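Following: one structure in structure tokens, then a few remarks.
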Amino acid sequence: MAERRVKVTSRLGLHARAAANLVRVASQFKSSLTLQRLDGSAEADAKSILSILTLAASRGTDLRISASGDDEQDALDAVVGLFSRDFDEFEKADGRQISRAINELRCKGLGVSEGVVIGRVLRLQEGTREVYRAEIGEAELERERRRFRAAVRLSRRQLEAIKDRAERELGRGHAYIFDAHLLFLQDAKLTRDVEDYIDRERCNAEWAAKVVGDRLLSIYTQINDDYLRERGSDIEDVIQRLLANLTGEGPKYPNLLEDAVIVSTDLLPSTVAELNLDHVKAIATDAGGWTSHMAIIARGLGLTAVVGLRDFYHRTRTGDRILVDARRGEVILHPASETVEQYQFTTGSIGPTVAPPDVVECGPVTTVDGVEMSLRANVELPTEFRAVHDFGACGVGLFRSEFLLSRPGLMSSEQQQYEAYKSLAEAAGEYGAIVRLFDVGGEVGSEVKERERNPALGLRAVRFNLRHKQIMRTQVRAILRAAAAGKLSLVIPMVADVADVRMSKRVIDEEIENLAAENVPFSAVQIGAMIEIPSAVLTAEKIASEVDFFELGTNDLVQYTLAVDRGNDKVSEWFRTLHPAVLYGIDRTLRAAREADIPVIVCGEMASTPAYAVLLAGMGTIDLSMIPAMIPRVRAVLTQIDTNEAREIATKCLAAGTAEEVEELVRNEFKARWPELFPPHALPKAPE
Ligand code: PEP
Ligand code: MG
């Protein structure tokens, strides 16, 4: 028998075409030829294409090739030679380029951030994988047990690497979840149960892992404790990872070799947060809208993203070349070289364009007529804290604290939250930061097992907090304690009326009393209400008399006023920020706050859009909070406009009958008054 070790070096790995070449070469020899993964997880007959594909040998996989027979040395040399020539695929490059050009596929979606990126598709699908049962002979039982142990070791190495990275990039709050995953993996019971099952049932390791995992999960789903029950999703996560490693499909979040473009039907914000952001350059999803949380996170992290691509995911394969153009809201699969060149020619460069300016202007901005306006930052993840300073924000106007939770339903401890809020306050500096109580439920909680029929209208935000008082109390205590070390305020999300405010304030007062009784250092904070649903707008005067400030969440205000799901691409054309009903809501809220003499911070995505920011200024807004990267642009525009002119336009818009009329007014008025500031692409699109 002759043996040699090889590494798969071709870019797409040992995929179908390469495997066919391998079968062709191997079949010319009499000797039997076997390929074995050096990680021990699979073995294949080099003369069978199906068998080779089960190796799932991607680029970088180490294999042992064994030849046995009369011509074993020649057979081995021929096959090793084929590996070193990357399966003879490169000679066909010209021919393939032509077919690529023909196959170029363009898909229209909605660009929700900046930039043009070219990279390789990485398909990512939330959900589970199919596992089948195989009968195993006595002689193979030990091999199955070994495969399982190897998968546990590999999973452990992956999790340790992910944990280190998460700690570095996203902070402890996101990393600790992986400690739990590691503990599950190291639990002797898991290994013992799976190995016993393999022996008893004479089945493959995948099936045994799945059955044992399902049993564990069913035990957890019966636990009568929300927090413990949620641990079930961690078990599921670990089992999925084990299965991926056993089946050789690779981990859920592979180590990415080059610029990856994540392609998915939909993506949870927690998944985005878990990815290796050094390599992820863009995101393309079938679902989603401008204000869906995934889009907000992508913008915050400076990732190029196009959403609402409908059935794009199914047309892609991992490894496909892809160009993502967020400015035009378009993706091009298999872009021809001429297309890429054209892009480089017209854009000057390819890549996300969100970089901090060299000279940062800080502090409030003053309009031509002397109105001072504050531009604050919306922040979701600890990685974005730096951006508050880098883009010259007047502190943090909205900290979406629920993104501290690496898994929906899995809460951070009081101490973990305290540390996060303390570093937030440090990053925010003299202007301070506003922490929003967890806005979980709805879209953010879509991973939670029991889905609600109508999550956006369900147990979300303040309702979730009032139902789960212990979670609310823990967060309130952490905020109050951190406020002793820096300037913090607190805002209650999605209040429907003053009753929600009163009930929340009662909990806050009780925690103030508790901390005082325990002699724990803390500081009282200002309390605000998010005005983002119509009933709150209609009762704004009453709410204003009981809070210190308002935050206007225009994303939800549009969603709930117009009854248009903000994350549903099928209705995105009905999501009209400039609908007169939305403008009435904003106007009414601003008036109520003025009468009660409390400030209003507008913090929805509307504030990040320069033209809309001017309109908001015309309606009397002087405090805006937005994605940090947009601050310099909004600042540049506001310094050059006169709010008296903006008011004239706003008044006309409020008198208009439809969203189309308002958009046309904005296009015409802005073009006439500030042509240099607002080129056509910076204004609402004209109907086609
Ligand atoms: C909003 O609704 O406008 C808002 C700022 O909050 P979120 O986008 O997190 O719902
Ligand atoms: Mg909201």
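Take the sequence shown: its position 326, counting from 1, is numbered 344 in our numbering, and each next residue is one higher.
Backbone N, C-alpha and C fix where the C-beta goes; we use that ideal spot for every residue, glycine too.
Just so we're clear, the structure is a prediction, and the values are computed from it rather than from any experiment.
6 Å CB neighbourhood of residue 172 in its chain, flanking five on each side removed: Excluding positions up to five away in sequence, the list reads 263.
Could you have a look at residue 21 and say whether DSSP puts it in helix, strand or coil? In the structure shown, residue 21 sits in a strand (DSSP, three-state: E or B).
Looking only at its chain, what residues have a beta carbon closer than 8 Å to the beta carbon of residue 338, apart from the 5 residues adjacent to it on each side? 138, 139, 351, 352, listed in sequence order.
When burial is assigned at 16 or more other CB atoms within 10 Å of the CB, is residue 359 buried or exposed? For residue 359, the number of other beta carbons within 10 angstroms of its own is below 16, and it is reported as exposed.
Ignore the nearest five residues each way along the sequence and tell me which others in residue 382's own chain have a CB closer than 8 Å to its CB. Correct list, in chain order: 390, 391, 392, 393, 412.
Who are the Cβ neighbours of residue 356 in its own chain at under 6 Å, not counting the five residues just before and after it? Correct list: empty, nothing qualifies.
Work out the CA separation of residue 587 and residue 508 for me, nearest whole Å. In this structure, the CA atom of residue 508 is about 32 Å from the CA atom of residue 587.
Could you give the uninterrupted runs of the beta strand (DSSP E) lying entirely in the stretch 46 to 109, keeping only those of 3 residues or more? Listed in chain order, they are 50 to 55, 61 to 63, 80 to 86.
Inter-residue Cα distance where the pair is residue 503 and residue 439: Residue 439 has its alpha-carbon roughly 9 Å from the corresponding atom of residue 503.
C-beta contact flag for residue 595 and residue 558 at 8 Å: No; because the gap between Cβ atoms is not below 8 Å, this pair is not in contact.
From 59, 56, 43, 81, residue whose alpha carbon lies closest to that of residue 24: A check of alpha carbon separations from residue 24 across 59, 56, 43, 81 identifies 81 as the nearest.
Taking the beta carbon of residue 132 as the centre, do at least 16 other beta carbons fall within 10 Å, making it buried, or is it exposed? With 16 or more other Cβ atoms within 10 Å, it is buried.
Return the first residue and the last residue of the beta strand (DSSP E) that residue 550 is part of. Note, residue 550: premise wrong, no beta strand (DSSP E); not H, not E.
Counted within 10 angstroms of its Cβ, other Cβ atoms place residue 704 as buried (16 or more) or exposed: Note on residue 704: under 16 other CB atoms within 10 angstroms of its CB, so exposed under the neighbour-count rule.
Tell me which residue opens and which closes the alpha helix (DSSP H) that residue 318 is part of. Taken as a continuous stretch (DSSP letters only), the alpha helix (DSSP H) holding residue 318 covers 311 to 318.
Could you have a look at residue 323 and say whether DSSP puts it in helix, strand or coil? DSSP places residue 323 within a strand segment (E or B) once states are collapsed to three.
Candidates 572, 513, 585, of which the one nearest residue 627 by Cα: For the residues 572, 513, 585, the minimum Cα distance to residue 627 belongs to 572.
So residue 647 and residue 405 are in contact, right, with Cβ under 8 Å, and what is the actual spacing, rounded? Between the beta-carbon of residue 647 and that of residue 405 there is about 7 Å, and that keeps the pair under the 8 Å contact cut.
For residue 444, which residues of its own chain have a beta-carbon under 7 Å away from its beta-carbon, when the five flanking residues on both sides are left out? 504.
With a cut-off of 5 Å, give the chain-ordered residues whose Cβ is closer than this to any heavy atom of the ligand MG. Taking each Cβ in turn, the ones that pass are 550, 571, 574.
Can you round the beta-carbon distance between residue 632 and residue 604 to whole angstroms, since I take them to be within the 8 Å contact cut? Between residue 604 and residue 632 the Cβ distance is about 14 Å, and since that is not below 8 Å, they are no contact.
Inspect the beta-carbon positions of residue 97 and residue 40 and report whether they are closer than 8 Å. Yes, these two residues count as a Cβ contact at 8 Å.
To the nearest angstrom, how far is the alpha carbon of residue 645 from that of residue 227? Distance between the alpha carbons of residue 645 and residue 227 is about 44 Å.
Below 8 Å between beta carbons: does that hold for residue 56 and residue 73? Against a cut-off of 8 Å, the Cβ pair of residue 73 and residue 56 comes out as no contact.
Ignore the nearest five residues each way along the sequence and tell me which others in residue 378's own chain have a CB closer than 6 Å to its CB. Residues of the same chain with a CB within less than 6 Å of the CB of residue 378, apart from the 5 flanking positions on each side, are 410 in chain order.
Whose CA, out of 635, 667, 630, lies closest to the CA of residue 700? Of the candidates 635, 667, 630, the one whose C-alpha sits nearest the C-alpha of residue 700 is 630.
Residue 421 versus 407, 396, 408, residue with shortest Cα-Cα distance: If you compare the alpha carbons of 407, 396, 408 with that of residue 421, the shortest gap goes to 396.
Does DSSP classify residue 454 as helix, strand or coil? In the structure shown, residue 454 adopts extended strand secondary structure according to DSSP, grouped into three states.
If you measure from the CB of residue 306, is any heavy atom of the ligand PEP nearer than 7 Å? No, the beta carbon of residue 306 sits no closer than 7 Å to any heavy atom of the ligand PEP.
Compare the C-alpha of residue 619 against each of 126, 570, 561 and name the closest. Per the C-alpha coordinates, the member of 126, 570, 561 positioned closest to residue 619 is 570.
So, are the CB atoms of residue 330 and residue 302 less than 8 Å apart? Contact check for residue 330 against residue 302 passes: the beta carbons are separated by less than 8 Å.
According to DSSP, is residue 29 part of a helix, a strand, or is it coil? Assigned with DSSP and collapsed to three states, residue 29 falls in coil, not helix or strand.
Could you spell out the range, first to last residue, of the beta strand (DSSP E) harbouring residue 643? Where residue 643 is concerned, the enclosing beta strand (DSSP E) starts and stops at 641 to 644.
Label residue 376 either buried or exposed according to how many other C-beta atoms from any shown protein chain fall within 10 Å of its C-beta, with 16 as the threshold for buried. So residue 376 ends up on the exposed side.
CB of residue 416 to nearest heavy atom of the ligand PEP: below 7 Å? Residue 416 Cβ: within cutoff of the ligand PEP.
What is the rounded straight-line gap between the Cα of residue 669 and the Cα of residue 617? C-alpha separation (whole angstroms): 21 Å.
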